[in-house]
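Here the structure is laid out as structure tokens; the discussion comes afterwards.
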Ligand SMILES: Nc1nc2c(ncn2[C@@H]2O[C@H](COP(=O)(O)OP(=O)(O)O)[C@@H](O)[C@H]2O)c(=O)[nH]1
Ligand SMILES: [Mg+2]
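If you want it as structure tokens, here you go:
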């Protein structure tokens, strides 16, 4: 794929040494930069990652949580386009082309969804799926969006929109914050179908109740942030790319 825009992939990783060989093997050859944000891993995450990709840029996060990690990775990114994927094997790098295509064709923010035709999940539990559905519905109600999948970690956006999102959170509420702020900033949001695979090794760091509560607080708090809630005619609920 020949692109006029440069692409940075940001990968938050905490103790994912066993999964990284699989994840990095799925990354397209036309990626310009890969940033791994290490969450003070106690396994070989950084050594394995460097061995797999000698050109890797490793960022060590200063705080705690996936949100803190991603924000540090975004700040270090040099690409025009930033793609965020997980390090546990659940997000497939071979889908990056779909996200980039949506951005090149005009979207500001390409948001992965497991709930549009072509998407799906082998990883999400019934409880998490239910919680996500409720939180997605609440977000759509409060912000006038038409999202189908609020809490999903596979997204891509033009780096120039980072200032508009002004991200400032620590935990798994990061995707919610991005989705709400992207909409509030009037960005053109395009959902992209994505299939979430099972984490290969290890266990999820997410706790449904604790992190669901953080997401809920984020959704409610953002309403009082002082931004004018722009209607979001551009927030498409279905995918234009197949
Ligand atoms: N750097 C960093 N990465 C994290 C942290 N928490 C989670 N991650 C990474 O974020 C991704 C998603 O986390 P995971 O535990 O699989 O949550 P789930 O996919 O929501 O079940 C994985 O690549 C994790 O290694 C953290 O505190 N710091
Ligand atoms: Mg996971």
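Residue numbers (my numbering): 1036 to 1277.
In this text, a Cβ means the ideal position worked out from N, Cα and C, and glycines have one as well.
Any heavy atom of ligand 2 nearer than 6 Å to the CB - residues listed: Residues with a Cβ closer than 6 Å to any heavy atom of ligand 2, in chain order: 1121, 1123, 1125, 1234, 1239.
In chain order, what residues of the same chain have a beta carbon less than 6 Å from the beta carbon of residue 1231, not counting five sequence neighbours either side? The residues are 1125, 1149, 1156, 1158.
Just reading off the alpha helix (DSSP H) that residue 1057 is part of, what are its end residues? Its alpha helix (DSSP H) spans residues 1055-1060.
Does the beta-carbon of residue 1186 have 16 or more other beta-carbons within 10 angstroms, so that it is buried, or is it exposed? It is buried - the Cβ of residue 1186 has at least 16 other Cβ atoms within 10 Å.
Proximal residues to residue 1252 (C-beta, below 8 Å), its chain only, five neighbours per side dropped: Its chain contains 1208 as the residues whose beta carbon lies nearer than 8 Å to that of residue 1252, once the 5 sequence neighbours on both sides are disregarded; these appear in chain order.
Spell out the partners DSSP gives residue 1043 in its beta bridges. Residue 1043 is bridged by DSSP to 1068, 1117.
Residue 1104 classed as buried or exposed, judged by whether at least 16 other C-beta atoms fall within 10 angstroms: So residue 1104 counts as buried.
Using 8 Å as the threshold, is the C-beta distance between residue 1038 and residue 1059 below it? Contact annotation: residue 1038 and residue 1059 have beta-carbon atoms that are not nearer than 8 Å.
Helix, strand or coil for residue 1265, going by three-state DSSP, please let me know. Only weak support exists for where residue 1265 lies, its pLDDT of 47 falling under 50; the coordinates are left without a value.
Look at residue 1100 and residue 1205 and say whether their C-beta atoms are less than 8 Å apart. Yes, the Cβ-Cβ distance between residue 1100 and residue 1205 is below 8 Å.
Would DSSP call residue 1151 helix, strand or coil? Residue 1151 falls in the coil class under three-state DSSP.
Beta-carbon proximity of residue 1085 to residue 1094, cut-off 8 Å: Result no, Cβ atoms of residue 1085 and residue 1094 do not sit closer than 8 Å.
Just the C-alpha distance for residue 1169 and residue 1212, rounded to the nearest angstrom, thanks. A direct Cα-Cα distance of roughly 16 Å separates residue 1169 from residue 1212.
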